[in-house]
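Everything in the sequence shown is counted per our numbering, starting at 1 for the first residue and increasing by one.
To start, the structure under review is shown below, and the notes come after it.
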Amino acid sequence: MSTLGIPAPVRRWRDAVLPQSRALPAERSAPATLRVRSVTKTFHGAGGLVTALDDVSVEVQPGEFVCLVGPSGCGKSTLLNLIAGLDHPSQGQLMLGGQAIERPGADRVVMFQEPALFPWLNVRDNVAFGLTLSGMRRAQRYARAEQYLELVGLGQFGRAWVHELSGGMKGRVALARALVLDPRVLLMDEPFAALDAQTRDRLLLELQRIWLETGKTIVFVTHNVREAAVLANRVLVFSARPGRIKAEIHIDVPRPRELKSPEMLAAANRISAELESEVTISEEQEMATATARNFASHGLLWRL
Ligand SMILES: Nc1ncnc2c1ncn2[C@@H]1O[C@H](COP(=O)(O)OP(=O)(O)O)[C@@H](O)[C@H]1O
Ligand SMILES: [Mg+2]
């Protein structure tokens, strides 16, 4: 199929999700441990070599909710993309259920910040779309789509069009579309970051409820400590670039958790205590890069 005319977020979703929908649900959903072993990732950027991740090792058990927290540019999305199989590590290895991760697979579904829904399909067809290639019959696809729309609180909206939905509802559809594929691991990259604060808070609590109901393994990237505190069993705090795991914080507050309880505030403060110095370092790095760029362009002007 030509990629001309397909918006980048839709293309990204298509490349990440469609290959995943070919496998049978049973293969996708069997519990499996995710292992990231001594992973380093370097990029050739405009300003030279960038080490995004440096010797990162993580193990995620089936049913865990793990949040990755760190300053902007510390390699969180890079790690998620490596787990998704959208990119390869420069060194180290990633495994799921004893199988090396080498490409996008049926067992890992990614949810990005932009819901990237198909505007020419209604809500139910958006959710059912990923099941098309699994060979499932239409009636069954629709039944599953309805079941997951119910789960995300949109049972009445299957026939609505994407343009009729609020930002929060689009987020719910994107979540249903990911869950309907029944992946072993759900990867979420700041999925609610673009939403207003009230909508985001509601969706956080909804995600907590859905995780409690489904027992999915979730790896969730955020730079928001409150989000991590309410959602995670375990928070991995990343250092400023090159990203390394600086601290591991277990959140043992019973569920369902409330956003404003004193226990949540204390948990968020524990995460902040580890994160703050890294954010400062990251800001200094960005200032230094901007200054160097500024000097370089002035140097160029003087030579002209
Ligand atoms: N494809 C790429 N090419 C060059 N540099 C990249 C690429 N992807 C990420 N980077 C760089 O790697 C670092 C980590 O990026 P990223 O993982 O997106 O950070 P985060 O998600 O934590 O904000 C950044 O410095 C970013 O500019
Ligand atoms: Mg990112």
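Note that beta-carbon positions come from the ideal geometry of N, C-alpha and C, so glycine has one too.
Problem set entry | For Arg108, the residue or residues it bridges with in DSSP | Residue numbering aside, residue 108 sits at position 108 when the sequence shown is read from its first letter. DSSP output for Arg108 lists Val185 as bridge partner(s).
For this session: Find the nearest neighbour of Ala84 within the set Asp107, Glu278 and Phe65, judged by alpha-carbon distance.
Result: By 1-based counting over the sequence shown, the position of residue 84 is 84. Nearest in C-alpha terms to Ala84, of all of Asp107, Glu278 and Phe65, is Asp107.
For this session: Assign Ser239 to buried or exposed, taking buried as 16 or more other Cβ atoms, counted over all protein chains shown, within 10 Å of its Cβ.
Result: Walking along the sequence shown from the start, residue 239 turns up at place 239. Ser239 should be labelled buried.
Exercise. Would you say the beta carbon of Asp189 comes nearer than 7 Å to a heavy atom of ligand 2?
Worked result: Numbered from 1 along the sequence shown, position 189 holds the residue referred to as residue 189. Correct: Asp189 has its Cβ closer than 7 Å to ligand 2.
Exercise. Measuring from the CB of Arg244, is there a heavy atom of ligand 1 at a distance below 7 Å?
Worked result: Within the sequence shown, the letter at position 244 stands for residue 244. Closer than 7 Å to some heavy atom of ligand 1: that does not describe the Cβ of Arg244.
Problem set entry | Closest by C-alpha distance to Val180, when choosing among Met95, Val56 and Gly130 | Here residue 180 corresponds to residue number 180 of the sequence shown, with the count starting at 1. Among Met95, Val56 and Gly130, the Cα nearest to that of Val180 is on Gly130.
Exercise. Which of helix, strand or coil does DSSP assign to Thr135?
Worked result: As a working mapping, residue 135 is identified with position 135 in the sequence shown. A quick correction: the sequence has Gly, not Thr, at residue 135. In the structure shown, the three-state DSSP call for Gly135 is coil.
For this session: Please say whether Phe192 and Leu205 have beta carbons closer to each other than 8 Å?
Result: Along the sequence shown, read from residue 1 onward, the residue named residue 205 stands at position 205. Along the sequence shown, read from residue 1 onward, the residue named residue 192 stands at position 192. It is not a contact, given that the beta carbons lie outside the stated cut-off.
Exercise. Smallest Cα separation from Tyr148: which of Arg177, Ala247 and Gly63?
Worked result: As a working note, residue 148 is residue 148 in the sequence shown. Minimum Cα-Cα distance from Tyr148 among the listed residues Arg177, Ala247 and Gly63 corresponds to Arg177.
Exercise. Quick one: is the Cβ of Val50 within less than 7 Å of any heavy atom of ligand 1?
Worked result: The sequence position of residue 50 within the sequence shown is 50, counting from 1. With a threshold of 7 Å, the Cβ atom of Val50 counts as near ligand 1, since some heavy atom of the ligand is closer than that.
Exercise. Would you call Glu64 buried or exposed, if buried means 16 or more other Cβ atoms sit within 10 Å of its Cβ?
Worked result: The residue given as residue 64 occupies position 64 in the sequence shown. Its Cβ being crowded by 16 or more others within 10 Å, Glu64 is buried.
Exercise. DSSP on Glu278, reduced to helix/strand/coil?
Worked result: On the sequence shown, residue 278 is found 278 positions in, with the first residue counted as 1. Here Glu278 carries a helix assignment [DSSP, helix/strand/coil].
Exercise. Would DSSP call Gln285 helix, strand or coil?
Worked result: The count along the sequence shown starts at 1 and reaches residue 285 at position 285. Residue state, collapsed to three classes: helix.
For this session: Buried or exposed for Phe43, please, with buried defined as at least 16 other CB atoms from any protein chain shown within 10 angstroms of its CB.
Result: Position 43 of the sequence shown holds residue 43. Phe43 is exposed by the Cβ-count criterion.
For this session: Could you please give the first and the last residue of the uninterrupted alpha helix (DSSP H) stretch that includes Ala30?
Result: Against the sequence shown, residue 30 aligns to sequence position 30. Run containing Ala30: none; DSSP gives neither H nor E here.
Exercise. Whole beta strand (DSSP E) runs in the region 154–211 with 3 or more residues, listed along the chain?
Worked result: Counting whole runs of 3 or more residues, the region 154–211 contains the beta strand (DSSP E) stretches 185–189.
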